[in-house]
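What follows is a single structure, written as structure tokens, with notes after it.
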Amino acid sequence: MLLEDYRKSQESKLVPSSIGEPGVRFEYPLSAEHKLQLVIPRPDHEKIFAHRQWKGGLHTADRILSGEIDVKDKVVLEVGAGTGLSGIVAGCCSRPASSVLITDYDDVELITNLRKNVRDNDKRGNLKVMAHCWGKDADDLRSSSLTRDGFDVILAADVIWDSFSHLSLIETLTQSLKQRPESRVVLVAGYHTGRHVVQAFMRRAKAKGLVPDDSLIMEFERGVYSQSYTDLDFDLLNGLEDIDVYREQRQKTTIECRLRLVS
246 MLLEDYRKSQ ESKLVPSSIG EPGVRFEYPL SAEHKLQLVI PRPDHEKIFA HRQWKGGLHT
306 ADRILSGEID VKDKVVLEVG AGTGLSGIVA GCCSRPASSV LITDYDDVEL ITNLRKNVRD
366 NDKRGNLKVM AHCWGKDADD LRSSSLTRDG FDVILAADVI WDSFSHLSLI ETLTQSLKQR
426 PESRVVLVAG YHTGRHVVQA FMRRAKAKGL VPDDSLIMEF ERGVYSQSYT DLDFDLLNGL
486 EDIDVYREQR QKTTIECRLR LVS
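The numbering of the sequence shown is our numbering, which starts it at 246 and goes up by one.
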């Protein structure tokens with residue numbers, strides 16, 4: 246019911262940026278016969294903001310399920326997982342990843358809940374959970390991947406709202422992504438994050454060699470694709486203006502882009 250109410254809300258004037266409360270259970274349908282059972286965690290540290298299921302994670306899960314984010318036979322990492330929805334869908338969908346490492350901050354309650362969500366839904370045995378603090382011990386992440394040289398796809402949904410954590414997150418992304426032309430970070434942000442924050446992250450990522458690829462920077466309104474920007478066009482938008490002037494429109498919008506490493 247929780248997810249159904251959220252879907253219905255996308256027809257309204259404002260769309261909530263998240264669903265649920267700590268300890269609440271919700272279902273995510275993989276098919277008519279198979280529903281994931283997920284519990285929203287009760288993290289010890291409130292500032293982690295893992296106490297809700299955020300819109301970016303729902304968007305990412307939907308896009309994986311539709312095949313628009315291709316994870317088939319790939320080695321996948323999810324960062325800032327929260328409930329683990331996106332990573333679990335990547336491992337349980339009809340075209341699943343070969344392995345998925347689902348990570349979040351080293352908080353006992355958060356990681357315990359994440360492990361439970363994985364145990365309750367992992368039917369193939371291709372999901373694993375690890376605590377990870379961004380910017381630290383990236384070697385541990387790589388050594389946990391099947392190939393031990395990093396990940397083909399990194400899922401990063403609604404993880405850039407805190408500008409102070411950008412450089413640490415970027416270090417984890419650049420150190421964990423495979424050094425291959427086809428490897429990608431899939432970055433998703435609900436616009437409750439704020440366009441100016443997304444722009445700041447993009448600039449910092451570019452300075453570290455992580456740049457948008459040819460699929461451009463896409464915007465989705467109420468879950469439906471609306472338009473794309475080139476890297477330059479997006480950077481030139483007035484990110485500060487939409488904090489107040491476009492608040493209502495921004496509440497309905499989600500951004501998605503793929504990032505690749507350049508030398």
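From the three backbone atoms N, C-alpha and C, an ideal C-beta is built for every residue, glycine too.
Please read these numbers as outputs of a predicted model, since none were measured by experiment.
In this chain, the beta strand (DSSP E) harbouring residue 471 covers 469-474. Rounded to the nearest whole angstrom, the C-alpha separation of residue 387 and residue 394 is 6 Å. If you ignore the 5 residues before and after residue 433, its C-beta comes within less than 6 Å of the C-beta of 301, 304, 305, 402 and 501, all in its own chain and listed in chain order. Using a Cβ distance threshold of 8 Å, residue 345 and residue 325 do not count as a contacting pair. Residue range 270-274 is occupied by the beta strand (DSSP E) that includes residue 273. Annotation for residue 443: the continuous alpha helix (DSSP H) segment containing it runs 440-452. When the alpha-carbon of residue 268 is set against those of 297, 441, 461 and 459, the nearest one is in 297.
Ranked by Cα distance from residue 370, the first of 356, 389, 343 and 357 is 343. DSSP, read as helix, strand or coil, puts residue 266 in coil.
With a cut-off of 8 Å on Cβ pairs, the segment 304-323 is not in contact with the segment 246-258, counting fewer than three such pairs. A residue is called buried once 16 or more other Cβ atoms fall within 10 Å of its Cβ, and residue 292, having fewer, is exposed. Straight across, the Cα-Cα distance linking residue 420 with residue 314 is about 22 Å.
The criterion of a C-beta distance shorter than 8 Å is satisfied by residue 405 and residue 442. Judged by DSSP in its simplified three-state form, residue 503 adopts strand. Per DSSP, the continuous beta strand (DSSP E) segment holding residue 349 begins and ends at 344-349.
In this structure, residue 411 and residue 262 do not form a Cβ contact; the two beta carbons are roughly 20 Å apart against a cut-off of 8 Å. When secondary structure is reduced to three states using DSSP, residue 289 falls in the coil class, being assigned neither helix nor strand. The Cβ atoms of residue 430 and residue 504 lie closer than 8 Å to each other. When the alpha-carbon of residue 270 is set against those of 278, 283, 279 and 277, the nearest one is in 283. Assignment of residue 435 by DSSP, reduced to helix, strand and coil, places it in the strand class. Per DSSP, reduced to three states, the secondary structure at residue 497 is coil, with no helix or strand assignment.
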